[in-house]
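Notes to accompany the following structure.
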Amino acid sequence: MVKRIKHTAYWLAFVANIIAILAMFLVGNVDRLHPSEHPWLSCLGLIFPVLLVINLLFLLFWVCVRLRTIWLPVLGLLICYVPIRKYTPFNITKEHPARAIKVLSYNVYMFSPWDLEDLSNNPIVKYIQQSNADIVCLQETNVSEAGGRNVYEALVSKYPYYHILHAHSPGNQHMMVLSKFPIKKRSKLSINR
């Protein structure tokens with residue numbers, strides 16, 4: 001009787017591991033679907049790390065229970081290598097290529113907090129300065145008299161070139177690009193929805 005229970009438990013764990021691997025593979029590749037056409041499926045990608053941890057726990061389980069079956073979670077990790085690499089992009093190299101540029105994209109929420117008189121004391125402005133990025137793309141900037149132009153003045157020593165893309169919507173939320181390099185050409189890219 002005990003042998004039969006062990007045998008059943010083994011096969012249940014084996015099947016559960018296969019289901020976890022299949023789920024990890026499917027969820028890991030859900031980014032190939034267009035989010036506007038499949039909104040719920042595109043959100044499934046958020047559970048990929050959970051499925052990865054479950055597969056790693058199965059690896060540990062098979063090491064403790066039946067070492068001969070360790071091939072199953074290892075195979076699952078190999079099958080899902082590309083999604084794992086996408087979700088956990090460990091970049092071990094310390095050196096950057098010689099001509100690499102650093103780009104910072106930041107939603108600045110109109111440079112909150114708004115009550116600062118001197119924008120050089122603004123924590124967002126300080127972060128941008130300390131990032132040492134070559135190109136800075138800012139969303140939700142405010143180009144009113146206390147907004148974007150004053151921010152640019154606070155950052156002009158590091159970023160001599162800039163462009164503000166004015167939004168045609170209420171609220172004066174615009175986009176700003178700051179650059180250490182000359183901006184030779186600019187154009188709008190319209191996205192059909």
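For the sequence shown, UniProt numbering gives the first residue as 1, with consecutive numbering after it. We put the CB at the ideal spot given by N, CA and C, even for glycine.
Report the rounded CA-to-CA distance for residue i versus residue j, giving the unit in angstroms.
i, j, result
"E145", "M175", "Here the model assigns E145 a pLDDT of 49, short of 50, so the residue's position is not dependable, and the following value carries that caveat. The straight-line gap from Cα to Cα measures roughly 16 Å."
"Y152", "S179", "11 Å"
"L41", "W11", "30 Å"
"I18", "V74", "11 Å"
"F14", "H7", "11 Å"
"Y161", "V177", "8 Å"
"C23", "L51", "Note on residue identity: the sequence assigns Ala, not Cys, to residue 23. Straight-line Cα distance between these residues: approximately 7 Å."
"I191", "P35", "14 Å"
"D31", "L44", "9 Å"
"L59", "A9", "16 Å"
"C64", "P113", "53 Å"
"L67", "L57", "14 Å"
"P123", "N132", "15 Å"
"V2", "L46", "40 Å"
"P39", "L33", "9 Å"
"S157", "E37", "45 Å"
Does the distance from the CB of residue i to the CB of residue j come in under 8 Å?
i, j, result
"I183", "H163", "yes"
"Y87", "F48", "yes"
"V103", "Q139", "no"
"A20", "I54", "yes"
"Y106", "I128", "yes"
"G28", "P83", "yes"
"V125", "A98", "no"
"L72", "W62", "yes"
"I101", "F25", "no"
Give me whichever residues DSSP pairs with residue i in a beta bridge.
i, result
"H163", "V177"
"L104", "V136"
"T141", "H174"
My guess is that residue i and residue j are in contact by the Cβ rule of under 8 Å, so how many angstroms apart are they, rounded?
i, j, result
"N142", "F111", "7 Å"
Restricting to runs no shorter than 4 residues, where is the alpha helix (DSSP H) found entirely within the region 5-54? 39-43
In chain order, which alpha helix (DSSP H) runs of at least 4 residues are fully inside the region 55-101? 71-79 and 81-87
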